[in-house]
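One structure is given below, encoded as structure tokens.
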Amino acid sequence: MLFYLLFFIAPLLLLFAVSLHADKDMAAWGLAQYAKALSDGFGLGVLFDTLRLGVETTLLCLLLGFPLAWLHRNAGPRWQGVIILVTVLPLLTSVIVRTFAWIVILGRQGIVNTLLLELGLTETPLRLLYTHGGLVIALAQVQLPLMVLPLIDALQKLDPNLESASAALGAGRWRSFFRIVLPLSLPGIIAGSVLTFSAAVTAFITQSLVGGGQQLYMPMYIYQQALTLQNWPFAATISVIFMVAVLFCIALFNLLGRYTRRYSAM
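Below you can see the structure in the form of structure tokens.
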């Protein structure tokens with residue numbers, strides 16, 4: 031608890047105290063920075079784009095991660111170990127290395143454009159790097175283990191007799207999936223979504239390198255205000271607003287998680 035107070039709560043309180051300074055020189059107190067931030071259409075647009083980036087990355091990770099977790103559940107012990115290794119292996123590689131790999135893959139002379147040109151699917155290289163879509167793809171690969179591992183844990187806890195009973199009562203595979211498997215795996219989906227969303231919206235390195243200067247999100251916006259413009263009170267203010275917005279989204283995930291646990295217990 032002492033460690034938690036010293037290295038987490040105290041910096042947050044200091045950040046909030048800095049945000050209460052009304053001027054750049056930190057000579058006066060007031061809420062002027064909050065009024066400026068909440069009335070700034072550009073800053074609010076950056077905040078919205080950052081949250082949207084997190085949602086899109088989370089949805090893509092769920093779309094890619096659920097089949098992988100389902101494959102792990104139905105595989106034999108040997109293949110389950112292989113799937114776990116493949117899932118965890120990216121976590122053992124630096125985020126910077128993986129991000130630079132995506133720069134090579136998505137570049138104009140990268141693997142994707144080279145393949146498309148050789149297959150005759152396009153006449154000119156596509157602009158994949160420094161785009162919102164390319165950033166979502168890169169973030170999804172970087173954060174995918176955070177989605178897959180909770181899903182594997184949730185699916186492993188499902189009783190296989192429930193699916194057998196559903197089939198015996200005449201339900202097809204898809205109906206059993208949507209009526210039994212998917213609802214009972216929602217706790218894992220919620221846990222993975224919280225981890226993936228939180229990591230995606232704060233992924234400073236990937237956002238900066240793959241998004242480039244044309245894509246501005248909250249981590250880079252805060253960095254510019256603090257270190258480039260030396261406007262520490264405004265940087266602290268938008269940091270607090272960003273933190274509150276992310277916590278609000280996580281609270282929505284947790285609210286949905288409590289509802290699903292109540293549903294699963296019925």
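Using this note's numbering, the first residue of the sequence shown is number 31, and each one after it goes up by one. A virtual CB, placed ideally from N, CA and C, is assigned to each residue, including glycine.
Under the Cβ criterion (8 Å, minimum of three pairs), the stretch 270-290 does not count as touching the stretch 103-112. The C-beta of alanine 170 has 16 or more other C-beta atoms within 10 Å across all chains shown, which makes the residue buried. The continuous alpha helix (DSSP H) containing tyrosine 253 extends over residues 248-253. Cβ-Cβ distances below 6 Å link leucine 225 to Leu176 in the same chain, with the five nearest sequence neighbours on each side left out; the list follows chain order.
With contacts defined by Cβ atoms closer than 7 Å, leucine 192 and alanine 99 do not form a contacting pair.
Approximately 11 Å separates the beta-carbon atoms of alanine 198 and serine 206; this is outside 8 Å, ruling out the contact. For histidine 51, DSSP records a beta bridge to Trp59.
Contact annotation: alanine 67 and isoleucine 268 have beta-carbon atoms nearer than 7 Å. Annotated three-state conformation of aspartate 189 is coil, per DSSP.
Around arginine 209, the same chain offers Ser196 and Ala201 as residues with beta carbons nearer than 8 Å, after the five sequence neighbours per side are excluded. Secondary structure remark: continuous alpha helix (DSSP H) runs of at least 4 residues inside the stretch 158-204, in chain order: 162-186 and 190-198.
Between the C-alpha atoms of alanine 168 and tyrosine 247 there is a straight-line separation of about 15 Å. With respect to alanine 265, glutamine 173 sits apart: the two C-beta atoms are not nearer than 7 Å. No beta strand (DSSP E) of 3 residues or more sits fully in the stretch 112-139.
In the DSSP assignment, asparagine 143 falls within the alpha helix (DSSP H) that extends over 141-148.
For the options Thr152, Gln244, His51 and Ser228, the alpha carbon positioned closest to that of arginine 82 is the one of Ser228.
In the three-state reduction of the DSSP assignment, alanine 229 falls in the helix class, which pools H, G and I.
Contact between leucine 165 and valine 142 is absent: CB atoms are separated by about 14 Å, not below the 8 Å threshold. When the Cα atoms are used, leucine 181 and isoleucine 135 turn out to be separated by approximately 28 Å. Segment contact: the stretch 119-138 against the stretch 232-249, three or more CB-CB distances shorter than 8 Å; contact assigned.
In the three-state DSSP reduction, glutamine 260 falls in the coil class, being neither helix nor strand.
Taking 7 Å as the cut-off, the beta carbon of proline 263 is found closer than this to the beta carbon of valine 48.
In the three-state scheme derived from DSSP, where H, G and I count as helix and E and B as strand, glycine 106 is classed as coil. One thing to note: alanine 58 has its Cβ within 7 Å of the Cβ of alanine 52. Boundaries of the alpha helix (DSSP H) around isoleucine 235: 234-241.
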